[in-house]
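S.K.: Let me begin by handing over the structure; questions about it come next.
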Amino acid sequence: MNRERIGTDLQDTLIELTDLALQAKQLHWNVTGPTFLSVHEQLDALTDEARAGGDAVAERAVALGQPADGRVAIVAKETPLPEAPDGRLPTAAVVAHTVRVLDTVIERIRTRIAQLDSLDLVSQDLLIGIVAGLEKQRWMFDAQQA
1 MNRERIGTDL
11 QDTLIELTDL
21 ALQAKQLHWN
31 VTGPTFLSVH
41 EQLDALTDEA
51 RAGGDAVAER
61 AVALGQPADG
71 RVAIVAKETP
81 LPEAPDGRLP
91 TAAVVAHTVR
101 VLDTVIERIR
111 TRIAQLDSLD
121 LVSQDLLIGI
131 VAGLEKQRWM
141 FDAQQA
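Per the UniProt record's numbering: the sequence shown = residues 1 to 146.
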């Protein structure tokens, strides 16, 4: 088992899920518009999902003897995600941004799922479950753009 390689995949996923959770909460506080309440609550659900996934990924890395680093400075430095816009935002802008961020996270984790196929099926399974939840979240946000 290549624990360092697996640890790198898990660390990268932790960075993305931590940033996703922070962005969802930021957007949750600043969303405005006629569908405010539903988007506000949906962002809370996304925050919870990203936090739970990040926690599971970090614990898996540590169980494999690899460090997990979710410090704010590290997340800010290493995240590949587009930055959340600042200020008060209409629901349409929040939904569009959230879909873009989810697309990025899902695509990157799916790449890791493929890589983990020959490295660690347990970590792969963990990421498959996380992606399933994120894809459901993406579907619910994307449906609001129709």
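From the three backbone atoms N, C-alpha and C, an ideal C-beta is built for every residue, glycine too. Fair warning: this is a prediction, and the values are worked out from it, not measured in the lab.
Using the beta-carbon count (16 or more within 10 Å), is residue 84 buried or exposed?
M.R.: Counting Cβ neighbours within 10 Å, residue 84 comes out buried, since at least 16 surround it.
S.K.: Could you tell me whether the Cβ atoms of residue 101 and residue 142 are closer together than 9 Å?
M.R.: It is not a contact, given that the beta carbons lie outside the stated cut-off.
S.K.: On a Cα-Cα basis, can you pick out the residue from 5, 34, 49 and 9 that is closest to residue 22?
M.R.: Out of 5, 34, 49 and 9, 49 has the C-alpha closest to the C-alpha of residue 22.
S.K.: Among 7, 12, 5 and 139, which one has its Cα closest to the Cα of residue 81?
M.R.: Minimum Cα distance to residue 81 is reached at 12.
S.K.: Classify residue 60 as buried or exposed, calling it buried when 16 or more other Cβ atoms lie within 10 Å of its own Cβ.
M.R.: Buried, since its Cβ has 16 or more Cβ neighbours within 10 Å.
S.K.: What are the residues that DSSP puts in a beta bridge with residue 90?
M.R.: According to DSSP, residue 90 bridges with 32.
S.K.: With DSSP as the reference, label residue 81 as helix, strand or coil.
M.R.: Correct three-state label for residue 81: coil.
S.K.: Please determine if the stretch 1-21 and the stretch 123-134 are in contact, where contact requires at least 3 C-beta pairs separated by less than 8 Å.
M.R.: Counting Cβ pairs under 8 Å, three or more are found: they touch.
S.K.: If you follow the alpha helix (DSSP H) that residue 138 is in, where does it begin and where does it stop?
M.R.: 121-142 is the span of the alpha helix (DSSP H), which, as asked, contains residue 138.
S.K.: Grouping DSSP H, G and I as helix and E and B as strand, with all else coil, what is residue 70?
M.R.: Note: residue 70 maps to coil in three-state DSSP.
S.K.: Please state whether the Cβ-Cβ distance between residue 39 and residue 91 is less than 9 Å.
M.R.: Cβ distance < 9 Å, so residue 39 and residue 91 count as in contact.
S.K.: In this structure, does DSSP put residue 118 in helix, strand or coil?
M.R.: Coil.
S.K.: Please report how far the alpha carbon of residue 105 lies from the alpha carbon of residue 75, in whole angstroms.
M.R.: Going by the C-alpha atoms only, they are around 14 Å apart.
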